[in-house]
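Enquirer: A single structure is presented below for examination.
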Amino acid sequence: MKARYGMAIDLDRCTGCGACMVACASENNVPRLPKATERTGITPMLVHPVSDGKTGVAFIPMPCMQCEDETPCVKVCPQQAVELDRATGIVMQMPQRCLGCRYCMTACPYHSRYFNWWDPAWPAGMERTLNPGVAVRMRGVVEKCNMCHARLHAAEDKAAEAGKRQIEAADYVPACVESCPTGAIRFGDLNDGASEVAKASRTPEAFRLLARLGTEPKIYYTSKRAWVRALAERHPAGEPSQPAAPVAAGGGEVKHG
Amino acid sequence: MIPTRRDLFAWGGGLAGGMLFTPVPWKVLDDVSIWSQNWPWIPQPARGPVEEKLSSCTLCPNACGMRVRMAAGSPVGLSGMAGHPVSRGALCPLGFGAHQLNWHPSRLRNPLHRGRKTSWEEATAAFRKALGEGPIAIIDGRTGRAASTVLERFAAAHGATYAAARTAEEKALGPYQRWTGVPTSSLGYDLENARTIVSFGAPLLDGWATPGRFTRLWSERAAGSSNPALRLIQVEPVQSRTAAFAWRWVNVRMGSESALASALARVLMEERLVTARGPMPSESVNELAGKTGLAAETIQSLARALVERGPVVAISAGDNPSVAALNVVLGAVGARGGILRRGGGTKSPVPVEALSGRMRAVLIDSTVPWEVRPNVDAEVFRFAAWHGGTTTADWLLPAPGFLEALTDVPTPPASAIETYAVATPLMAAEGSKDAARFLAEIDPAAGSLEDAIKARCEAIYHAGKGGLIGPEPQPVKGLASADKLYEALGNGAVWTGEAGTPGGLRCDLKEWPGPSAMESPAGWTDGWTAPVLPPLAAKLYRESDLRQAPARSDV
Chain A
25 MKARYGMAID
35 LDRCTGCGAC
45 MVACASENNV
55 PRLPKATERT
65 GITPMLVHPV
75 SDGKTGVAFI
85 PMPCMQCEDE
95 TPCVKVCPQQ
105 AVELDRATGI
115 VMQMPQRCLG
125 CRYCMTACPY
135 HSRYFNWWDP
145 AWPAGMERTL
155 NPGVAVRMRG
165 VVEKCNMCHA
175 RLHAAEDKAA
185 EAGKRQIEAA
195 DYVPACVESC
205 PTGAIRFGDL
215 NDGASEVAKA
225 SRTPEAFRLL
235 ARLGTEPKIY
245 YTSKRAWVRA
255 LAERHPAGEP
265 SQPAAPVAAG
275 GGEVKHG
Chain B
14 MIPTRRDLFA
24 WGGGLAGGML
34 FTPVPWKVLD
44 DVSIWSQNWP
54 WIPQPARGPV
64 EEKLSSCTLC
74 PNACGMRVRM
84 AAGSPVGLSG
94 MAGHPVSRGA
104 LCPLGFGAHQ
114 LNWHPSRLRN
124 PLHRGRKTSW
134 EEATAAFRKA
144 LGEGPIAIID
154 GRTGRAASTV
164 LERFAAAHGA
174 TYAAARTAEE
184 KALGPYQRWT
194 GVPTSSLGYD
204 LENARTIVSF
214 GAPLLDGWAT
224 PGRFTRLWSE
234 RAAGSSNPAL
244 RLIQVEPVQS
254 RTAAFAWRWV
264 NVRMGSESAL
274 ASALARVLME
284 ERLVTARGPM
294 PSESVNELAG
304 KTGLAAETIQ
314 SLARALVERG
324 PVVAISAGDN
334 PSVAALNVVL
344 GAVGARGGIL
354 RRGGGTKSPV
364 PVEALSGRMR
374 AVLIDSTVPW
384 EVRPNVDAEV
394 FRFAAWHGGT
404 TTADWLLPAP
414 GFLEALTDVP
424 TPPASAIETY
434 AVATPLMAAE
444 GSKDAARFLA
454 EIDPAAGSLE
464 DAIKARCEAI
474 YHAGKGGLIG
484 PEPQPVKGLA
494 SADKLYEALG
504 NGAVWTGEAG
514 TPGGLRCDLK
524 EWPGPSAMES
534 PAGWTDGWTA
544 PVLPPLAAKL
554 YRESDLRQAP
564 ARSDV
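Listed in order, the protein sequences are those of chains A and B. According to our numbering, the residues represented by the first sequence are 25 to 281, in order. According to our numbering, the residues represented by the second sequence are 14 to 568, in order.
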């Protein structure tokens, strides 16, 4: 049976610690580049702080949204360097095919793609800490989250060695999911109606970012807070997610929840 | 037939056109693309057998259990150890990049004397010379370890002062130690049984104590609920992450936490919301409310909310006697869901802040955070695995880095349950030496780390309490010998003792404590031994707008 791997991220549980970002970079051999900034760094998992402009705060972890058939990056790539894997639902990026035109970066409505501006480099000796399951990407190509595909390969190898055709769900868990200290990021097969992620995606609190575009992302978010859900469809004008104005000291008691 | 110029053009054109219908040009284009993107200077991961080992993080005292993925003899990935009794499978964000630290450009490789390269022999000779010439202090950053035993034994044998630097969590437990006589290393918060927690600036959701412990608890019992099973009330002058996700955020004036704790205690006793009777704050609720910037009615309703759902416990960011006294009023000291006395722990040494004046020499262990500088005029021997920049140390001595040396990991601060683990070296430590080994070479009577760890294993084995979690969970009583316990701990098992129990702590306040200065919570980097951060911390502090760079970040 074909799988459709996806995530359900509970924004009421995410405290914005950033463990997912570091675990992702470590797992995927993402370099720390001396000149990189928040615009040029490579952060396949990126946590965005948002606010309702008062005292409400949320953190939105954003990996690649893993769009379905109407995947903008797949459609625009002149090199077939991006493709939707029908067996898993994962949008795959193949850096060896990429010519670095960055058309996909322009097309992606979620800004989930990153360009390698520099040759990857580590301080002397630190290359010994690179994960052998993931190839290092080169300068001049675009990369993004591929749901820790190397872990899927490892799970498939393990299943094959055991003579099984299906992997065990516990054997394939992306690094960000594994690292989340509050369990905010849940992962699984959306085609499996009994999976936690499928159940979460069907709750009234579930939503997807920019669903109006019809890209059918497989990353679902959940929140009981209406203003957080409203962010999913916000338009550039009148955006409510500006940083909160500082509240005067001694301002009293604030009730959350 | 003699080919004409026209034929050559026709064949050439035909050949070029025909080639387009074969895979050759496309294959060549593809290969050139691959070749031109895989230059020899692009680092490639080392190939070799991949295995997984269990260990404990040693970068701060909070003792998170870790799974270490090893390839070709080096750690290539870290993750949390599921089922760990305190860290519960979580690591802090910095911990996920810790395996890169050993190759950090700031790594100390040679002993330095005032910036010049020197040798271990010269450093040893200098310390030997200092030994007989005047008062000496030895400063430990993490007491209760086998290495601490060696340092303490050496200090006792040579008339030196054994002092310790404390984390914010240990400082917060300081008042209870002063009032009950029980050392802070034997005290912990019973968070798992509390139903209301009022935090006075403690970054409970942002790096307080063992990070996984409270974040998991909050996630299970409070996150996203307007009527949570665990009520978290955060008293803080700024909207920290903990304040942002607390059930209630009480926004007080900077430095008025003591006043609020005193006002709450006064309301609790005046309105008979608690059974405790004893000294009261001398100021009225209105006077105290004026200091906090809150209305007296707000404080009164907060006091009622505190006792609405017990057990309740108050936690301060640092040494705050007023908050501790509030716990006494709430009946949280020695009670379920409050502050418990647990097994283990050692007598608290002299705090590093108490050292002053002129001394002959001070030796600082690598577990002491780089920022801690004793206020003494002395020749300073500082052990560190990384150079943290500006320093007053005369001697910088390279200590083993992350997972490079044998060390034991005692119970983390604030834990309600006693634990013990051993981190075995997973990599070779070239040219480095830890303070315990350095001192044991000068005076072998101080003993060795291995012997001290084995002695601790003997003690646990003969007590026969608790059990092992990890690869082969079993009770201590099921083990054949203390050596088997030592072996199991070396393979990554964690010994878990008995949880603290109510009773056994008695606090009788003679008078209400005066206000104390607020200590700012440090979060993830508090107690972080390395003066540098993992390079991947750049993702948090520079390549995103998630966090502002901490003071000692070099990302």
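By construction, the Cβ of each residue, glycine as well, lies at the ideal position given by its N, Cα and C atoms.
Please specify which runs of the alpha helix (DSSP H), each continuous and at least 4 residues long, are wholly inside the stretch 462-544 of chain B, giving them in chain order.
Expert: Counting only runs of 4 or more, we get 462-476, 495-503.
Enquirer: Is there at least one Cβ from chain B nearer than 8 Å to A268(A)'s Cβ?
Expert: Walking along the first sequence from the start, residue 268(A) turns up at place 244. Summary for A268(A): the model assigns pLDDT 43, below 50, so the residue's position carries little reliability; its value from the coordinates is reported in the next sentence. Yes, A268(A) counts as interfacial toward chain B.
Enquirer: Going along chain B in order, which residues have a C-beta closer than 7 Å to the C-beta of D36(A)?
Expert: Looking up residue 36(A) in the first sequence gives position 12. What D36(A) touches in chain B: A236, G237.
Enquirer: Roughly how many whole angstroms lie between the Cα atoms of W24(B) and T35(B)?
Expert: Position 11 of the second sequence holds residue 24(B). Position 22 of the second sequence holds residue 35(B). Their Cα atoms are separated by approximately 16 Å.
Enquirer: Name, in chain order, the residues that DSSP records as bridge partners for M83(B).
Expert: Position 70 of the second sequence holds residue 83(B). DSSP, once it has assigned bridges, lists E64(B), P88(B) as partnering M83(B).
Enquirer: Are any of the Cβ atoms in chain B nearer than 8 Å to that of M31(A)?
Expert: Along the first sequence, read from residue 1 onward, the residue named residue 31(A) stands at position 7. Closer than 8 Å: no.
Enquirer: Got a sec? Which residues, its chain only, sit under 6 Å from L35(A) by beta carbon, not counting five neighbours each side?
Expert: Here residue 35(A) is taken as the residue at index 11 of the first sequence, counted from 1. For L35(A), where only same-chain residues beyond five positions count, the Cβ hits under 6 Å are A82, Y245, S247, V252.
Enquirer: So with Cβ pairs under 8 Å, would you call H97(B) a contact of chain A?
Expert: By one-based count along the second sequence, residue 97(B) stands at place 84. No, H97(B) lies away from the interface with chain A (no Cβ there is under 8 Å from its Cβ).
Enquirer: Do V248(B) and L273(B) count as a contact pair if the criterion is CB distance below 8 Å?
Expert: Here residue 273(B) is taken as the residue at index 260 of the second sequence, counted from 1. Here residue 248(B) is taken as the residue at index 235 of the second sequence, counted from 1. The answer is yes: Cβ separation under 8 Å.
Enquirer: For G516(B), which option in G201(B), E321(B), V211(B) has the closest C-alpha, if you only look at C-alpha atoms?
Expert: Taking the second sequence and counting its residues from 1, the one referred to as residue 516(B) is at position 503. The residue with the shortest Cα to Cα distance from G516(B) is G201(B).
Enquirer: So, is the C-beta of P70(B) closer than 8 Å to a C-beta in chain A?
Expert: Start at 1 with the first residue of the second sequence, and residue 70(B) comes out as number 57. The question names Pro, yet the displayed sequence has Cys at residue 70(B). With 8 Å as the cut-off, C70(B) does not count as an interface residue toward chain A.
Enquirer: Are at least three pairs of beta-carbons, each pair with one atom in the stretch 458-465 of chain B and one in the stretch 154-166 of chain B, less than 8 Å apart?
Expert: Taking 8 Å as the limit for Cβ pairs, the verdict is that the stretch 154-166 of chain B does touch the stretch 458-465 of chain B.
Enquirer: Throw me the rounded Cβ distance for the P102(A) and Y127(A) pair, which I believe falls under 8 Å.
Expert: Residue 102(A) sits at position 78 when you count from the first residue of the first sequence. Residue 127(A) sits at position 103 when you count from the first residue of the first sequence. 7 Å between Cβ atoms; contact.
Enquirer: Looking at the C-beta of E227(A), does it have a partner C-beta in chain B at a distance below 8 Å?
Expert: On the first sequence, residue 227(A) is found 203 positions in, with the first residue counted as 1. Checking the sequence shown, residue 227(A) turns out to be Thr, not Glu. Taking Cβ atoms only, chain B never reaches closer than 8 Å to T227(A), which makes this a no.
Enquirer: From the DSSP output, which residues share a beta bridge with H72(A)?
Expert: Mapped onto the first sequence, residue 72(A) falls at position 48. In DSSP, H72(A) forms a bridge with I84(A).
Enquirer: Under DSSP, the beta strand (DSSP E) around E135(B) begins and ends at which residues?
Expert: Along the second sequence, read from residue 1 onward, the residue named residue 135(B) stands at position 122. Looking at the DSSP string, E135(B) is not in any beta strand (DSSP E); the run it does join, the alpha helix (DSSP H), is 133-144.
Enquirer: Note down the Cα distance separating A278(B) from S271(B), rounded to an integer number of angstroms.
Expert: On the second sequence, position 265 is the one that residue 278(B) refers to. On the second sequence, position 258 is the one that residue 271(B) refers to. Spanning the two alpha carbons is a distance of roughly 11 Å.
Enquirer: For a contact defined as C-beta to C-beta under 9 Å, what are the partners of P144(A) on chain B?
Expert: The residue given as residue 144(A) occupies position 120 in the first sequence. Within chain B, the residues near P144(A) are I55, P56.
Enquirer: Among A448(B), V251(B), E134(B), which has the Cα closest to the Cα of T380(B)?
Expert: Within the second sequence, numbered from 1, the residue matching residue 380(B) stands at position 367. Considering only alpha carbons, the answer is A448(B).
Enquirer: Which residues bound the beta strand (DSSP E) around G102(B)?
Expert: The residue you call residue 102(B) lines up with position 89 of the second sequence. From DSSP, G102(B) is part of no beta strand (DSSP E); its letter is neither H nor E.
Enquirer: Which class does W39(B) belong to by DSSP, given the choice of helix, strand or coil?
Expert: Numbered from 1 along the second sequence, position 26 holds the residue referred to as residue 39(B). Three-state result, W39(B): helix.
Enquirer: Any C-beta of chain A within less than 8 Å: which residues of the stretch 433-460 of chain B qualify?
Expert: Cβ contacts with chain A: none found.
Enquirer: What separation, rounded to the nearest whole angstrom, lies between the Cα atoms of G402(B) and A183(A)?
Expert: Along the second sequence, one-based indexing puts residue 402(B) at 389. Along the first sequence, one-based indexing puts residue 183(A) at 159. When rounded, the distance between both Cα atoms is 50 Å.
Enquirer: Look up Q117(A) in the DSSP assignment and give the residues it is bridged to.
Expert: Here residue 117(A) is taken as the residue at index 93 of the first sequence, counted from 1. V106(A).
Enquirer: Distance cutoff 8 Å, beta carbons only. Does G281(A) sit that close to anything in chain B?
Expert: If you number the first sequence from 1, residue 281(A) lands on position 257. For G281(A), the predicted model reports a pLDDT of 46, less than 50, meaning its position is unreliable and no value from the coordinates is stated.
Enquirer: Tell me the DSSP bridge mates of F231(A)?
Expert: Locating residue 231(A) in the first sequence gives position 207, where the first residue counts as 1. The partner list for F231(A) (beta bridge, DSSP) reads Y245(A).
Enquirer: For chain A, check one thing: does any of its Cβ atoms lie closer than 8 Å to the Cβ of L200(B)?
Expert: Mapped onto the second sequence, residue 200(B) falls at position 187. Answer no: the Cβ-Cβ gap between L200(B) and chain A never drops below 8 Å.
Enquirer: Going along the stretch 127-156 of chain A in order, which residues come within less than 9 Å of chain B, judged by CB to CB distance?
Expert: Going along the stretch 127-156 of chain A in chain order, one finds D143, P144, A145, W146, P147, A148, G149, M150, E151, R152, T153, L154, N155, P156 with a Cβ nearer than 9 Å to chain B.
Enquirer: For W221(B), does the count of other Cβ atoms within 10 angstroms reach 16, so buried, or fall short, so exposed?
Expert: Along the second sequence, one-based indexing puts residue 221(B) at 208. Looking at its Cβ environment, which holds 16 or more other Cβ atoms inside 10 Å, W221(B) is buried.
Enquirer: Leaving out five residues before and five after A95(B) in sequence, what residues of the same chain have Cβ atoms less than 7 Å from its Cβ?
Expert: Numbered from 1 along the second sequence, position 82 holds the residue referred to as residue 95(B). Only G102 meet the Cβ criterion.
Enquirer: Compare the C-alpha of T239(A) against each of A208(A), P55(A), D216(A), E94(A) and name the closest.
Expert: In the first sequence, the residue the question calls residue 239(A) occupies position 215. Nearest option by C-alpha distance: E94(A).
Enquirer: Tell me, please, whether the CB atom of T206(A) is closer than 8 Å to any CB atom in chain B?
Expert: Residue numbering aside, residue 206(A) sits at position 182 when the first sequence is read from its first letter. It does: the Cβ of T206(A) has a partner Cβ on chain B nearer than 8 Å.
Enquirer: Among V365(B), A168(B), P548(B), W52(B), whose alpha-carbon lies nearest the alpha-carbon of N388(B)?
Expert: Within the second sequence, residue 388(B) is the residue found at index 375, counting from 1. Here the closest residue by C-alpha is V365(B).
Enquirer: Give every residue of the same chain whose Cβ lies closer than 6 Å to the Cβ of S269(B), excluding the five residues on either side of it in the sequence, and list them in chain order.
Expert: Taking the second sequence and counting its residues from 1, one reaches residue 269(B) at position 256. K304, T305, listed in sequence order.
Enquirer: Taking only beta-carbon atoms, is A60(A) less than 8 Å away from chain B?
Expert: Position 36 of the first sequence holds residue 60(A). So, interface residue.
Enquirer: Which value, in whole angstroms, describes the spacing of the CA atoms of G61(B) and G86(B)?
Expert: In the second sequence, the residue the question calls residue 61(B) occupies position 48. In the second sequence, the residue the question calls residue 86(B) occupies position 73. Their backbone Cα atoms lie some 8 Å apart in a straight line.
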